[in-house]
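Q: For the record, the sequence lines run as chains U and E.
Using the numbering used here, the first residue of the first sequence is number 2, and each one after it goes up by one.
Using the numbering used here, the first residue of the second sequence is number 230, and each one after it goes up by one.
Glycine included, each C-beta is placed from N, C-alpha and C at the ideal position.
What you are looking at is a predicted structure, and each value in this text was computed from that prediction instead of being measured.
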Amino acid sequence: MKVTFPRMGYLDIPLRSILQDLGLTVVTPPPCTARTVALGTRHSPEFACYPFKLNIGNYLEAFAQGADTILMAGGSGPCRFGYYAQVQREILTDLGYQFEMLVLEPPRGQIDVLLRQLAKLTGHPDLRTVWRAFRLGWEKINALDALERKAMATRAYEMQRGAVTRLLAKAVKEVDAAASVLETRLARRRGEEAMAAMAKKRRQALRIGIVGEIYTVLEPFANMRVAERLGEMGVEVERALFLGDWIRTNLFLDALGLRRERPEVRAARPFVNHFVGGEGRESVGNTVLYSKRGFDGVLQLGPLTCMPEIVAEGILPRVSRELGIPCMTLMFDEHAGEAGILTRLEAFVELMERRRRAKGERSEGGKMLSGN
Amino acid sequence: MLKVGLPRALLYYQYYPYWSVFFETLGTKVVPSPVTNEDILMSGVQNAVDDCCLPVKCYFGHVLSLQDQVDVLFVPRVVCDRIGGLQCPKILGLPDMVQGLWEPTLGIQAPTVDVRRGHAGWEQGLRAVGRRLGISGATMHRAQSNAEFAQSFYQRALEGGLVTHEAYQATRRAVGLPAMVCRNKQGRFAAAELKIGVLGHPYLIYDPYLSQDLLARLNSFGVTPITAEMVPGALVSAGNARLVKPLFWSLGQRILGAAAHFLDGHVDGVIHLTSFGCGPDSLVGEMIARWARRGKRVPFMSLSFDEHSGEAGLVTRLEAFVDMLKRRAVR
Ligand code: SF4
Ligand code: SF4
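1. Helix, strand or coil, according to DSSP, for E:L335 in the structure here?
2. Could you work out which residue in E:I500, E:H394 and E:S511 is closest to E:Q243 when comparing CA atoms only?
3. If we call anything under 8 Å between Cβ atoms a contact, is U:A200 one with U:M225?
4. Identify the continuous alpha helix (DSSP H) that holds E:S504 and give its terminal residues.
5. Quick check: what's the CA-CA separation for U:E47 versus U:L105?
6. Based on the DSSP output, what are the partners of E:F529 in its beta bridges?
7. So U:H44 contacts chain E; which residues on that side make the cut at Cβ distance below 8 Å?
8. Nearest-angstrom Cα distance between E:G468 and E:F418?
9. Please indicate yes or no: does the CB of E:V176 lie closer than 7 Å to some heavy atom of ligand 2?
10. To the nearest angstrom, report how far apart E:W248 and E:R361 are at their CA atoms.
11. By the three-class DSSP mapping on this structure, what secondary structure does U:A241 have?
12. Kindly indicate the opening and closing residues of the alpha helix (DSSP H) around E:E211.
13. Here's the rule I'm using: 16 or more other beta-carbon atoms within 10 Å means buried, otherwise exposed. How should U:K293 be labelled?
14. Among the residues of its own chain, which have a CB less than 6 Å from the CB of U:R90, if the five just before and after it don't count?
15. Distance, Cα to Cα, U:L352 vs U:K171?
16. In the DSSP output, what is E:W478 paired with across the bridge?
17. The alpha helix (DSSP H) with U:E140 in it runs from where to where?
18. Sort U:P271, U:L290, U:T217 and U:T34 by Cα distance to U:T330 and report the nearest one.
19. Using only alpha-carbon positions, find the residue among E:S262, E:H430, E:R385 and E:W478 that is nearest to E:K232.
20. I'd like to confirm the pairing. Which residues does DSSP put opposite U:I209 in its beta bridges?
21. For E:G508, which of E:G350, E:P236, E:L283 and E:M271 has the nearest alpha-carbon?
22. Assuming E:D343 is part of the alpha helix (DSSP H), what are its boundary residues?
23. Around the Cβ of E:I312, are there at least 16 other Cβ atoms within 10 angstroms (buried) or fewer (exposed)?
24. For E:E515, would you say it is in contact with chain U, using Cβ-to-Cβ distances shorter than 8 Å as the test?
25. Shorter than 8 Å from the beta carbon of U:M73 to some beta carbon of chain E?
26. Assign U:Q99 to one of two classes, buried (16 or more other C-beta atoms within 10 Å of its C-beta) or exposed (fewer than that).
27. Could you tell me which residues DSSP pairs with E:V427 in its beta bridges?
28. Checking contacts by CB at 8 Å: is U:N287 closer than that to chain E?
29. Specify whether the segment 66–82 of chain U and the segment 261–269 of chain U touch according to this definition: at least 3 beta carbon pairs, one from each stretch, less than 8 Å apart.
30. With a threshold of 7 Å (Cβ to nearest heavy atom), would E:S440 be considered close to ligand 2?
31. To the nearest angstrom, how far is the alpha carbon of U:G1 from that of E:R401?
32. How would you call U:L128, buried or exposed, if buried means at least 16 neighbouring beta carbons within 10 angstroms?
33. Any beta carbon of chain U sitting closer than 8 Å to that of E:P509?
34. Quick one: what's got a C-beta closer than 7 Å to E:C411's C-beta in the same chain, skipping five residues either side?
35. Which of the three DSSP states is assigned to U:F100 in this structure?
36. Taking buried to mean at least 16 other C-beta atoms within 10 Å of its own C-beta, is E:D279 buried or exposed?
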C-alpha cells in the first residue's frame, strides 16, 4: 500500500512524517506545476473550485509514481469541500484507476472514531507509536507556521532580494529532515534567528493582512506566491490562517467539543452573524481585527466561485467603508494571469502608500499647530 | 396595514405558501416582488458582487424592486430546513449580503431556521418575527398551523404534477384564501408522448425569466416536463441511498435522488439546468453526468444559465435534444 494525499502549503511535510512513522509507505505528489493544473482541469468539472482541480492533478501525478491509496479529509458541509472526496473517487474510478480512498470524516466530537479510522488505516494499535508520530508531526506544523510567519514579517526589510526566501527554504528543509521533536525545535530556532539576524533596511514598511479561503491562502502555487511578492514590494505581511491554527480549531477543539468563540468570530458579528461555511465569516472578522490593529490594508484570497468567500467579498466593502481600511479581493483559477495579478497588487500597494503619506502629512500638520 | 415584502427568488419558490399564509393570517399584507424581468435582473447584477451566481444576483434585484413599497423585508436565514439537509453558504449568508441595499422602516426580518441541535426551525423562527411585529400568541399559533397545512398541501400538489404557480393557487383554495393574480404563465402541462426529467434548483427552473420559460417551451415541443419536485419523496430517498456518503445539501439531495430515478429509465431524457457560478451544481452535476454516461440508457443534457444566455442558443439546443429523443422513440 502506497499512500498519497493532496498538497496544501507545507502540509506534506508533517503528514509524511506522521504516516511514515506509523509505518506506511508514502508517495508525496510533486509540487504543483502547470502540468498539475492541466491534468486536474482536464478531468474535473469545469466549475469545480480550484483546489478540487489541483487535488485531482496531485492524485494523478502520485498515481504515476506508484501510489494506490489516497488519504483525504471529508466534511459535513455546507461547503463543497465535504463532498470533494466523493466526486474525486468517481472521477478517478471512471479513469480506470484501481485505488482505495480513505476519507477522514471530521469526528464531530467523537475522538474515538478518529482513532478507529486511523487504526484501520495503519493496522497499528500500538498507542505509543501513534502518539509519538502525532507529537512530532504537530511540532513540525508549529515550526513551519512559525518560520513562515517570520519570513512574511521580515521579507520587506531584506537588503538582498530573495534572501529571506532562501533562508526559509533552508529552514523548511531542515524541519522536514528532523527526526525528533528536539531537532525540529532546533531547526525552527536556527531559521528564525537567521532571518532576524539578516541585514535590514530601516524603515517602517506597510503592513497588510491576508485573509481568505484556507487552501488558497496556504498554497503559494494557488495564489501565485502573493505573500512573497508583497514582501518583495516592501510590504510586511501577516496571514490570518496557518495550518496549526486551522487544525487546532477545526479538528481538535471540535473533536473535544471545546470549540470556543474565537476573536475573529466575535469581531465579525456586526457584519456576519452566522457561520457561512469555509472561512467566510473568519475573513470578515479578521479584516475587522486587522483594521483595529492599524494595518494599511487587507487582501482577501480565494478560488473563483468560492461560496463562503463570495459571501465575504459581498460584505467587505461595507467593512472597508465603515472602518476605513482598504480591501482587495483576488480570486484564482486555472485561467488567472500572472501579469494581471501583479498589476493589481502593485496598484493596491500604491493605494496604501498614498493613504499612509496622507495620514502622515495630516498628523505632522497637527504637530505644527500644537507646537506654535 | 403592515406590508411584508417577500423577494420572489431563491427559496421563495419552495416556501412561498408557508410564508404568505403565515403573514396573511397575522393580518399583514404580503407583497411579493414581481416575477423576474429584465430590470430586476439587471439591477441585481449591478448591485451584487460579480463573482456571485445568477440566482443570488437575481435575489438582489428582487430586494431592490421592493424598495419603499413595504414596511418589512423578510429574508430568512435558512441554514438547515430538515435533518441532514443544509443550504448553500450563500443562502446562509443571504441576510448579511443584502444588508445595506436598502432598509425598510421596520427593518429586515432575518430569522435563523436551523432544525439541528434544538435550534429554531421555521416555527421558532417565524414566532420571533411575529413577536417583533407585536402579534399576540393566539394569532401566531393559528398562523403557524395554517402555514404548516398550506405547506404540506403545496408539497403534495407539486408531487401530484402541478407547477409552482398552479400548486400555489390550489393551496390557497384549500386554505380558503382568495386566488392571487399573477402573471406567471406556467400552469399544468398538457400530457405529451415524450417525458423529460428536468433537474435544477426550484428557483431556476420555476422562474420563467431565468430559465427562459424552459418548461413551457418543452411542452410546446410536445414534451411533458417532469421536475424533481414531482418525484415522490420515497423515490428520491431511494435514489440517494446509492451514494457512498449522503449529500448534505437539501436541494442537491432532491436533484440527485430524482436523477437516479429518471436515469433508471422512467423518462425519455434528462436535462440538468445549472446556474452560472453555482458551487453545489458543479459537483452535483458531475455526479449526474457520470451516472448518465455509465447507465447509457437515458440521454442527458446540461444547460448553464447566466445573465447573458441568449434565447436562440437555448431553443436550438432544446430542439436538437428533443428531436434526438423523438428519433430514438420511433426506433
Ligand atoms: S470554501 Fe471555497 S474552495 Fe473550499 S470547498 Fe468551499 S467553495 Fe470550494
Ligand atoms: S446553490 Fe448555487 S445557485 Fe443556489 S445560491 Fe448557492 S451557489 Fe447560488
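A: In this structure, then:
1. Mapped onto the second sequence, residue 335 of chain E falls at position 106. DSSP places E:L335 in coil when its eight states are reduced to three.
2. In the second sequence, residue 243 of chain E corresponds to position 14, counting from 1. Minimum Cα distance to E:Q243 is reached at E:H394.
3. Along the first sequence, one-based indexing puts residue 200 of chain U at 199. Along the first sequence, one-based indexing puts residue 225 of chain U at 224. The answer is no: Cβ separation not under 8 Å.
4. Start at 1 with the first residue of the second sequence, and residue 504 of chain E comes out as number 275. Where E:S504 is concerned, there is no enclosing alpha helix (DSSP H), although the beta strand (DSSP E) it sits in stretches over G498 to S504.
5. By one-based count along the first sequence, residue 47 of chain U stands at place 46. By one-based count along the first sequence, residue 105 of chain U stands at place 104. Rounded to whole angstroms, U:E47 to U:L105 spans 26 Å at the Cα level.
6. Position 300 of the second sequence, counted from the start, is the residue given in the question as residue 529 of chain E. Within the DSSP secondary-structure output, E:F529 pairs in a beta bridge with E:V499.
7. Here residue 44 of chain U refers to the residue found at position 43 when the first sequence is read from its first residue. Ordered by position in chain E, no residue passes the 8 Å Cβ test against U:H44, which lies about 10 Å from the chain.
8. Locating residue 468 of chain E in the second sequence gives position 239, counting from the first residue. Locating residue 418 of chain E in the second sequence gives position 189, counting from the first residue. The straight-line gap from Cα to Cα measures roughly 25 Å.
9. The question about residue 176 of chain E has no answer here: the residues shown for chain E are numbered 230 through 560.
10. Numbered from its first residue, the second sequence carries residue 248 of chain E at position 19. Numbered from its first residue, the second sequence carries residue 361 of chain E at position 132. Distance between the alpha carbons of E:W248 and E:R361 is about 16 Å.
11. Here residue 241 of chain U refers to the residue found at position 240 when the first sequence is read from its first residue. Here U:A241 sits in coil by DSSP.
12. Not covered by the structure: residue 211 of chain E. The range shown for chain E is 230 to 560.
13. Residue 293 of chain U sits at position 292 when you count from the first residue of the first sequence. Exposed: under 16 other Cβ atoms inside 10 Å.
14. Position 89 of the first sequence, counted from the start, is the residue given in the question as residue 90 of chain U. Closer than 6 Å at Cβ, skipping near neighbours: M102.
15. Here residue 352 of chain U is taken as the residue at index 351 of the first sequence, counted from 1. Here residue 171 of chain U is taken as the residue at index 170 of the first sequence, counted from 1. Using only the alpha carbons, I get a separation of about 34 Å.
16. For the purposes of this step, residue 478 of chain E is identified with residue 249 of the second sequence, where counting begins at 1. Answer is E:L315.
17. Numbered from its first residue, the first sequence carries residue 140 of chain U at position 139. In the DSSP annotation of this structure, the continuous segment of the alpha helix (DSSP H) that includes U:E140 starts and ends at L128 to T155.
18. Working through the first sequence from its first residue, we reach residue 330 of chain U at position 329. Cα-wise, what sits closest to U:T330 is U:T217.
19. Taking the first residue of the second sequence as position 1, residue 232 of chain E is located at position 3. E:K232 has its Cα closest to that of E:S262, out of E:S262, E:H430, E:R385 and E:W478.
20. Reading the first sequence from its first residue, position 208 is the one you call residue 209 of chain U. Within the DSSP secondary-structure output, U:I209 pairs in a beta bridge with U:V238 and U:G298.
21. As a first step, residue 508 of chain E is located in the second sequence; it is residue number 279 there, counting from the start. Of the candidates E:G350, E:P236, E:L283 and E:M271, the one whose C-alpha sits nearest the C-alpha of E:G508 is E:L283.
22. Residue mapping note: residue 343 of chain E aligns to position 114 of the second sequence, counting from 1. E:D343 -> not in any alpha helix (DSSP H); beta strand (DSSP E) instead, spanning T341 to D343.
23. As a working mapping, residue 312 of chain E is identified with position 83 in the second sequence. It counts as exposed.
24. For the purposes of this step, residue 515 of chain E is taken as the residue at position 286 of the second sequence. Contacts with chain U at 8 Å (Cβ-Cβ) include E:E515.
25. Reading the first sequence from its first residue, position 72 is the one you call residue 73 of chain U. U:M73 does not count as touching chain E.
26. If you number the first sequence from 1, residue 99 of chain U lands on position 98. Taking all protein chains shown into account, U:Q99 has fewer than 16 neighbouring C-beta atoms within 10 Å of its C-beta and is therefore exposed.
27. Taking the second sequence and counting its residues from 1, the one referred to as residue 427 of chain E is at position 198. E:T456 and E:I500.
28. Residue mapping note: residue 287 of chain U aligns to position 286 of the first sequence, counting from 1. Any Cβ of chain E closer than 8 Å to the Cβ of U:N287 would place that residue at the interface, and such an atom is absent.
29. The segment 66–82 of chain U vs the segment 261–269 of chain U: no contact.
30. Reading the second sequence from its first residue, position 211 is the one you call residue 440 of chain E. E:S440 Cβ: outside cutoff for every heavy atom of ligand 2.
31. Here chain U has residues from 2 to 373 only, and residue 1 of chain U is not among them.
32. The residue labelled residue 128 of chain U in the question sits at position 127 within the first sequence. Burial call: exposed.
33. Within the second sequence, numbered from 1, the residue matching residue 509 of chain E stands at position 280. By this cut-off, E:P509 is an interface position.
34. As a position in the second sequence, residue 411 of chain E is number 182, starting the count at 1. Summary for E:C411: the model assigns pLDDT 46, below 50, so the residue's position carries little reliability; its value from the coordinates is reported in the next sentence. Once the five neighbours on either side are set aside, the close Cβ partners of E:C411 are H394.
35. Working through the first sequence from its first residue, we reach residue 100 of chain U at position 99. The answer is coil: DSSP assigns U:F100 none of H, G, I, E or B.
36. As a working note, residue 279 of chain E is residue 50 in the second sequence. By the neighbour-count criterion, in which a residue is buried when 16 or more other Cβ atoms sit within 10 angstroms of its Cβ, E:D279 is exposed.
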